[in-house]
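Participant:
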Amino acid sequence: MEGGGGRRVVAVGAGLAALGAAQRLRGHGSLRLLEAAARTGGRVCTRPFASGLAEMGAHWIHGPSPGNPVFRLAAGYGLLGPEAAREENQRAEAGGHPLLPSITYGSSGRAPSPRAVSEARDLFDALLASARAFHGAGEPPAPSVGQYLRAEIAQRVPAPAGREAGARRLQLAVLAARLKLECCVSGTHSMDLVALEPFGEYVCLPGLDCTFPGGYSSLPDRMLEALPEGTVLLNKAVRTIRWRGSFREEGDKARDFPVQVECEDGDTFLADHVIVTVPLGFLKERHQDFFQPPLPERKAEAIRRLGFGTNNKIFLEFEQPFWEPQQQLLEVVWEDESPLEEPSADLEANWFKKLIGFVVLQPPEQHGHVLCGFIAGKESEYMETLSEAEVLGTMTRILRTMTGNPSLPAPRSVLRSQWHSARYTRGSYSYVAVGSSGDDIDVLAQPLPEDPEDPRPLQLLFAGEATHRTFYSTTHGALLSGWREAERLNQLFEAPGPSPRL
Ligand code: 6YU
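Under this note's numbering, the sequence shown is numbered contiguously, ending at residue 620.
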């Protein structure tokens with residue numbers, strides 16, 4: 119393959135963006151995917167846990183409906199359950215959140231009034247919808263989603279006198295919990311970091327979020343099976359991409375390539391085109407020395423400005439459930455918290471208060487009695503530095519407090535994700551941060567060299583979730599970005615003109 123004629127294409131990474139590009143690329147001479155990890159799938163990563171499976175990364179298909187390419191692909195491979203296939207399921211508008219029957223626990227160990235909880239949530243949902251409406255508005259009322267929401271909350275939940283004070287405190291505590299949930303959704307430490315004006319540019323597709331009965335990894339596994347053997351090289355971390363060069367293969371002086379990809383193990387790959395699909399977190403940390411020559415300033419700026427934060431999961435396996443069979447989401451409200459007050463900066467003492475609660479893995483016959491907690495931001499990054507035993511101990515303490523049952527049995531086992539420590543990811547997913555906009559996403563996606571008349575076009579192409587303007591942070595955004603870059607190359611290969619230099 120290496121010695122053959124035709125265009126040589128290398129993709130860096132083997133997550134959904136790179137696998138998607140590999141699926142769609144036509145007419146190339148050779149294609150190699152170089153993946154740093156020992157597995158494909160990237161941030162789609164299913165692991166065995168308890169008697170079932172745990173999704174360490176992507177969990178749901180967000181908006182499983184015909185407009186979602188991950189849904190179409192997964193359905194075509196027969197990877198989805200009967201629920202997802204139902205037409206009503208595909209038509210339902212859930213506004214980007216999985217809709218699950220829930221119960222709310224208060225930090226005092228007493229259940230807060232369901233009516234008060236649902237009123238506060240309705241208020242929050244209305245405010246969030248109004249935050250999305252500023253997209254395209256010249257002058258948004260605040261720079262960030264968090265500042266806007268807090269200003270609205272201060273106005274709409276005024277300080278009452280006397281007996282009402284307790285009800286207001288609960289309302290504020292529920293609103294604080296909702297803000298933390300949004301941090302998980304946006305993959306950020308604080309909604310104060312998420313830009314208000316572009317917030318509504320993210321598109322929620324219709325459909326009730328669904329999971330993969332055989333694990334999310336069954337999708338990249340199937341995509342991999344369809345590729346010729348040897349296309350993906352695992353444990354092949356790329357150290358440097360040299361572009362705008364003139365590189366020759368030993369023993370083949372006739373042909374020169376504009377790009378050389380050097381791996382950490384010393385192997386090199388020459389290419390006409392390299393599709394870079396590494397996560398934005400990796401680019402933020404490494405772009406200066408990863409590309410030689412360095413990226414143009416405009417692209418480097420976009421990398422710096424766009425946001426990339428951490429959302430982690432904590433799986434807990436129980437001998438017996440302490441929740442009712444119909445409950446699928448256990449939410450946690452810290453009754454002394456308020457969005458109008460600064461959260462504690464003492465991570466060691468308070469990291470666990472950022473946990474939003476737990477999703478119950480379904481069905482129990484497959485998974486056992488397993489809860490999946492979600493935690494975002496710096497607290498989540500701090501959690502990554504603790505031992506599993508420490509995480510399990512803290513989770514046991516929280517659950518005993520919340521349920522008001524000091525002898526609640528401790529979980530039998532624990533498993534947590536550590537996306538911020540992951541060297542080739544450095545966080546969970548992207549968001550449009552204060553000071554950036556959707557234009558930065560487009561700049562990030564722009565191929566190089568920038569000059570369309572360059573005689574050696576499309577040396578570097580950029581794919582990955584953070585390069586999709588309306589579906590960033592999702593698996594469908596990643597897949598579509600890979601298809602987009604493959605199509606860009608297909609058009610080049612199929613364009614009339616001089617045949618590839620051999
Ligand atoms: C979704 C969901 N979901 C939870 C958690 C995480 C993510 N997402 P990849 O990283 O996959 O591939 C790049 C590869 O490159 C990788 O394998 C590296 O090892 C490799 N690499 C890096 N450096 C290299 C080098 N030097 N050399 C060689 N190789 C190198 N998405 O649709 N549903 O439920 C979740 C969730 C904990 C971490 C998610 C979810 C995000 C997706 O997982 C992610 O976007 C894609 O898998 C990325 O694919 P890729 O190919 O781009 O990169 C308004 C507004 C709000 C906006 N947000 C709303 C949606 C919220 C997103 N959902 C999150 C929720 C969960 C639970």
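Glycine residues also receive a C-beta, built at the ideal position from the N, C-alpha and C atoms.
Per DSSP, A551 is paired with what?
Facilitator: Paired residue(s): V312.
Participant: Comparing C-alpha positions only, which one of C163, R286 and L171 sits nearest to F483?
Facilitator: A small fix is needed here, since residue 483 is Glu in this sequence, not Phe. Closest by alpha carbon: L171.
Participant: Check this for me: beta carbons of F436 and P529, under 8 Å apart or not?
Facilitator: Result yes, Cβ atoms of F436 and P529 sit closer than 8 Å.
Participant: Report the option in P316, E201, Q289 and R340 whose CA atom is closest to the CA atom of T101.
Facilitator: Residue coverage of the chain in this structure runs from 119 to 620, which leaves residue 101 outside it and unanswerable.
Participant: Measuring only the C-alpha atoms, how far is R619 from G124?
Facilitator: Interpretation of R619 is limited by its pLDDT of 43, a score under 50 that renders its predicted location unreliable; the figure taken from the coordinates is listed afterwards. Going from the Cα of R619 to the Cα of G124 covers about 8 Å.
Participant: Spatial neighbours of A272 within its chain, please: C-beta separation below 7 Å, excluding the five flanking residues on both sides.
Facilitator: Counting only Cβ-Cβ distances below 7 Å, and skipping sequence neighbours, we find L458.
Participant: Please list, in chain order, all residues of the same chain as A551 whose beta carbon is under 7 Å from its beta carbon, the five residues on each side excluded.
Facilitator: L311, V312, A313, R423, L424 and G425.
Participant: Closer than 6 Å by C-beta to L288: which residues in its own chain qualify, once you throw out the five before and the five after it? Chain order, please.
Facilitator: Excluding sequence neighbours, L288 sits near P230 and A234.
Participant: Quick one, which of V275, R239, E319 and E282 has its alpha-carbon nearest G254's?
Facilitator: Ranking the options by Cα distance to G254, first place goes to E319.
Participant: If you drop the 5 nearest sequence neighbours on each side, which residues of the same chain put their C-beta closer than 8 Å to that of T627?
Facilitator: Because the chain is modelled from 119 through 620, residue 627 falls outside the range shown and cannot be assessed.
Participant: Within this structure, are the beta carbons of E453 and A244 separated by less than 8 Å?
Facilitator: No.
Participant: In the DSSP assignment, what residue or residues form a beta bridge with Q378?
Facilitator: Answer by DSSP bridge pairing, in chain order: R360 and L388.
Participant: Three or more beta-carbon pairs under 8 Å between the stretch 559-577 and the stretch 126-137, yes or no?
Facilitator: In short, these stretches do not touch, since the Cβ pair count stays below three.
Participant: Is it true that the CB of L337 sits closer than 8 Å to the CB of G181?
Facilitator: Contact: no.
Participant: On the DSSP letters alone, give me the boundaries of the beta strand (DSSP E) that L218 sits inside.
Facilitator: Here L218 belongs to no beta strand (DSSP E), and DSSP marks it neither H nor E.
Participant: In three-state terms, what does DSSP make of T585?
Facilitator: Correct three-state label for T585: helix.
Participant: Output needed for F409: all residues of its chain with C-beta closer than 6 Å, excluding positions within five of it in sequence on either side, in chain order.
Facilitator: Answer for F409: I359, listed in chain order.
Participant: Considering only the alpha carbon of each residue, which of K472, S248 and A251 lies closest to C301?
Facilitator: Here the closest residue by C-alpha is K472.
Participant: Answer with buried or exposed for G582, where buried requires no fewer than 16 other C-beta atoms within 10 angstroms of its C-beta.
Facilitator: The residue in question, G582, is buried, as its Cβ has 16 or more Cβ neighbours within 10 Å.
Participant: How close, in whole Å, do the beta carbons of I421 and L398 come, if the pair is a contact with beta carbons under 8 Å?
Facilitator: That belief holds up - the Cβ atoms of I421 and L398 are roughly 7 Å apart, short of 8 Å.
Participant: What residue range is occupied by the uninterrupted alpha helix (DSSP H) comprising H638?
Facilitator: What is shown of the chain runs 119 to 620, which leaves residue 638 out entirely.
Participant: Which residue's Cα is closest to the Cα of R602: A613, P565 and P614?
Facilitator: Looking at the Cα atoms, P565 is the closest of the given residues.
Participant: Please name the residue or residues paired with I516 in a DSSP beta bridge.
Facilitator: The partner list for I516 (beta bridge, DSSP) is empty, contrary to what the question assumes.
Participant: Please state if the CB of R544 and the CB of F400 are separated by a distance shorter than 8 Å.
Facilitator: Yes, the Cβ-Cβ distance between F400 and R544 is below 8 Å.
Participant: What are the start and end residues of the beta strand (DSSP E) that includes P166?
Facilitator: Segment T164 to F167, the beta strand (DSSP E) holding P166.
Participant: In this structure, how does DSSP classify S535 when only helix, strand and coil are distinguished?
Facilitator: Three-state DSSP puts S535 in coil, outside helix and strand.
Participant: First and last residue of the beta strand (DSSP E) that includes A129?
Facilitator: Taken as a continuous stretch (DSSP letters only), the beta strand (DSSP E) holding A129 covers R126 to V130.
Participant: In terms of alpha-carbon separation, which member of A389, L517, L447 and V263 lies closest to F242?
Facilitator: Nearest C-alpha to F242: V263.
Participant: DSSP three-state call for K496: helix, strand or coil?
Facilitator: Here K496 sits in helix by DSSP.
Participant: Could you name each continuous beta strand (DSSP E) segment of 3 residues or more that falls completely within the stretch 320-365, going from the start of the chain to the end?
Facilitator: If we require 3 residues or more, the beta strand (DSSP E) runs fully inside the stretch 320-365 come out as 356-360.
Participant: What does the Cβ neighbour count give for G122, buried or exposed, with the cut at 16 atoms within 10 Å?
Facilitator: Its pLDDT being 46, under 50, G122 is placed unreliably by the model, and the measurement read from it follows with that caveat. Burial call: exposed.
Participant: Take A418 and list the residues in its own chain whose beta-carbon comes closer than 8 Å to its own, dropping the five residues that flank it on each side.
Facilitator: Closer than 8 Å at the Cβ level, and outside the excluded window around A418, lie H405, Q406 and P412.
Participant: Select from E466, P481, A467 and L517 the residue whose C-alpha is nearest the C-alpha of G475.
Facilitator: Measuring from the Cα of G475, the nearest candidate turns out to be L517.
Participant: Just how far apart, CA to CA, sit T512 and C490?
Facilitator: Distance between the alpha carbons of T512 and C490 is about 15 Å.
Participant: Go ahead and pull the three-state DSSP assignment for E435.
Facilitator: Reduced to three states, the DSSP call for E435 is strand.
Participant: Closest by CA to L293, which one among R268, T164, F317 and P316?
Facilitator: It is R268.
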